[in-house]
Amino acid sequence: MVIKFTTKPKLKYSTVQNILFGFLLAAGTIKPFINTYLTDLDVTLIVFVLVFFDMLLQFGGKLTTKKHSLFYILLFVVFHLLMFISLIYSKGFNLGLNKTFLFFINYIFLLYPLFMQKINARIIFSTIFWIIIPLSIWFIFQRLFLWAPGSDVLKNPFYELRIFYLNLGALVGLLVLWFFHQRKWELFIFSLIVLLGLSARGPLIFSLLIILSISAKMFLSNVKKVKISSNRLIIFGSSLVCVFSLMFYYSNFFYNLLYENLILKLQGLFSSFDGSIMGRFKRLDFAFENIFESFSSFFFGHGIGSFGKMYNQEEIMDYPHNLFVESWFELGIFGLLLSLIIFFYPFLIKGNHVFKIMALFFLLQGMKSYSLVSIWPIFGFYGILLFNSRTINLTSNYPRKT
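Quick note: the sequence shown uses this note's numbering, first residue -1, plus one each step.
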C-alpha cells in the first residue's frame, strides 16, 4: 500500500503583500482600540516598518512605471515642498512642522503598490473585512452599553473611543461598495447593516450615492439584458424577511441603534441645530473670510498648520473639513491648484473602475471630514491606479455590453 502525502501550496509572496496592504489601510483605524485595551505598541508604526522593509527588498528588482506616474510623483513632491516653504511664514509653525512630517505617510500609501507583485483585490478586502467588521460589531454594542442605565460613562475606557465611528464607517463603506461590485448580496446587506449600526452618516450617504449612480447607469444601459437568478432572489427575500423579523422582535434595541444614533443625525442635515454640521460651516466661513483677507493670504496662504492656531487661538490641530479649502487657506492659490491636480488627476488615467470608485468614496469624504494628513487610504488606491496594472480578482457578474 502506497501512502501519499499532500501538502498545501506555499503562501505566495504576492498574497502576503496584499494582506499587508489590507493591514496598511486598516492600521490607523484599529490603533486607538489596540492601545486602549491591549498594548501601547504603535500598530501603525509596525505596519509602516513592514511595508517599508518590503519596499527595500523589492527595490533591487525591476520596477517599471509610466511617464504620467512620474509626473504625478513630481507634482506630489512639489506640493510637499510648498508645505516646507510655507513654514517660513506660517502662523502655526509647530503645528505646521508636525503636519509637514505627517504628510510623509502619504508617500508610503502612494508608492507601495509600485513594489507589489500583483494586486489581488479579493485578498485586500477580505483582510479589511476580517479586521474591521468584528471590531465594528463590538463597537456598536459597546456604545449601547456605554449609555445604558446605571453605566458609569466617564470611567468606561470606551468613552474616549466613541468618536472613532467615522473611521470604522469609512472602511465598512468600502466593503459595502466592494460587495456591491462583486454582487455578493448577503455580505452587501450585512455590511450595510453594520454601517447603519455605526451611525456613520457621511460614509453611508456617499456609499449609497455611488451605488445609486452605478445602478442607474447599469439600468439604463442593460435594462433589457438583466437576468435575476431565482435562487439569489429567494436568498435575498429570505434575508430581508429575517432582518425585518429581528427588527420587530427586538424593536427597542433597534430603536436605540438606528433612530437615536442615525436617523436623528440624518435629520440634522436639514436642521440648524446639528452641532457637527454647524461646526463645519463655521470653519468654512472662517476659512473663506481669512483667504480673502489680503493679497498674500489669497496667493500664498497663511502657512501650513495655521488654521488650527488661528481658528482656536491656540496650538490645536484643526482643519476646515475640506481638502481644497484647507490647501487654499494654508498654501494659497498655488496650493489649491496643485491639490486639485493631485486629487483629480488619477481619475483620468485608464485603469480598473473599482479602485476609482474606492478613491472617489474617500475623496467625497475628504470634502467633509478629512485633512491632508489623515486621508491616507485614498493615496493607496491612487497608487494602484498609477503604478500597478497587474490586478486580479476584479471581475463581477454585472451584465456587460456585447
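Ideal placement from N, C-alpha and C gives every residue a C-beta, glycine not left out.
Which of helix, strand or coil DSSP assigns to residue i
i: Asn310; result: helix
i: Asn118; result: strand
i: Asp38; result: coil
i: Val371; result: coil
i: Leu9; result: coil
i: Asn288; result: helix
i: Lys65; result: helix
i: Ser88; result: coil
i: Asn96; result: helix
i: Ala198; result: coil
i: Gln15; result: helix
i: Asn386; result: coil
i: Lys29; result: helix
i: Lys354; result: helix
i: His300; result: coil
i: Gly378; result: helix
i: Met365; result: coil
i: Phe101; result: coil
i: Gly20; result: helix
i: Gly349; result: coil
Rounded C-alpha distance that separates residue i from residue j
i: Leu137; j: Leu196; result: Checking the displayed sequence, the identity of residue 137 turns out to be Phe instead of Leu. Their backbone Cα atoms lie some 8 angstroms apart in a straight line.
i: Phe50; j: Ile103; result: 11 angstroms
i: Ile307; j: Phe379; result: The question names Ile, yet the displayed sequence has Lys at residue 307. Cα-Cα distance, rounded: 32 angstroms.
i: Gly303; j: Leu361; result: 21 angstroms
i: Val41; j: His179; result: 30 angstroms
i: Phe77; j: Phe322; result: 13 angstroms
i: Phe19; j: Thr63; result: 20 angstroms
i: Leu152; j: Asn92; result: 31 angstroms
i: Asn118; j: Ile17; result: 9 angstroms
i: Phe385; j: Ser372; result: 22 angstroms
i: Phe162; j: Lys280; result: 22 angstroms
i: Thr98; j: Gly148; result: 45 angstroms
i: His319; j: Gly277; result: 10 angstroms
i: Val174; j: Ile187; result: 8 angstroms
i: Tyr343; j: Ile376; result: 13 angstroms
i: Glu328; j: Gln311; result: 16 angstroms
i: Ile32; j: Asp38; result: 8 angstroms
i: Glu184; j: Val47; result: 36 angstroms
i: Phe21; j: Leu80; result: 30 angstroms
i: Trp176; j: Met216; result: 16 angstroms
i: Ser270; j: Thr27; result: For Ser270, the predicted structure reports a pLDDT of 47, less than 50, and the residue's modelled location is therefore unreliable. A value from the coordinates is still provided. Near 30 angstroms, if we compare the C-alpha coordinates of Thr27 and Ser270.
i: Asn96; j: Glu287; result: 25 angstroms
i: Leu338; j: Ser213; result: 28 angstroms
i: Ala168; j: Leu36; result: 23 angstroms
Cβ-based neighbour list, residue i, same chain, cut-off 7 angstroms, excluding 5 preceding and 5 following
i: Gln15; result: Asp52, Met114, Gln115
i: Leu334; result: Phe322, Ser325, Trp326
i: Ala25; result: Val41, Thr42, Val45
i: Tyr309; result: Arg281, Phe284, Asp316
i: Leu112; result: Leu61, Thr63, Gly381, Phe385, Asn386
i: Leu351; result: Note that residue 351 corresponds to His in the displayed sequence, not to Leu. Nothing meets the Cβ criterion.
i: Leu85; result: Phe91, Gly94, Leu95, Thr98, Gly301, Ile302
Rounded Cβ spacing between residue i and residue j (contact assumed at less than 8 angstroms)
i: Gly94; j: Gly299; result: At roughly 11 angstroms, the Cβ-Cβ gap does not stay under 8 angstroms, so Gly94 and Gly299 are not in contact.
i: Phe296; j: Ile331; result: 6 angstroms
i: Leu23; j: Ile126; result: 6 angstroms
i: Arg160; j: Leu144; result: 7 angstroms
i: Met356; j: Leu172; result: 6 angstroms
i: Ser205; j: Phe345; result: Their Cβ separation, rounded to whole angstroms, is 18 angstroms, which puts Ser205 and Phe345 out of contact at 8 angstroms.
i: Gly381; j: Leu109; result: 6 angstroms
i: Phe107; j: Trp374; result: 5 angstroms
i: Leu370; j: Phe101; result: 7 angstroms
i: Ile415; j: His66; result: Residue numbering for the chain in the displayed model covers -1 to 400; residue 415 lies beyond these limits and cannot be assessed.
Same chain, Cβ closer than 8 angstroms to residue i, neighbours up to 5 away in sequence not counted
i: Val170; result: Ile130, Ile131, Ser134, Ser189, Val192, Leu193, Leu196, Ala198, Pro201
i: Ile340; result: Tyr70, Leu73, Phe74, Phe77
i: Glu313; result: Gly90, Asn92, Leu93, Gly306, Lys307
i: Ile209; result: Val174, Leu175, Phe178
i: Tyr157; result: Leu144, Val151
Beta-carbon proximity list for residue i, same chain, < 6 angstroms, skipping 5 on both sides
i: Tyr87; result: Gly301
i: Asn154; result: Leu144
- Scan the segment 302 to 347 and note each continuous alpha helix (DSSP H) run of 4 residues or more that stays entirely inside, going in chain order. Runs found: 304 to 310, 321 to 342.
- Query: Residue ranges of each alpha helix (DSSP H) run of no fewer than 4 residues wholly in the segment 114 to 196, ordered along the chain?
  - Reply: Runs found: 119 to 144, 163 to 180, 183 to 196.
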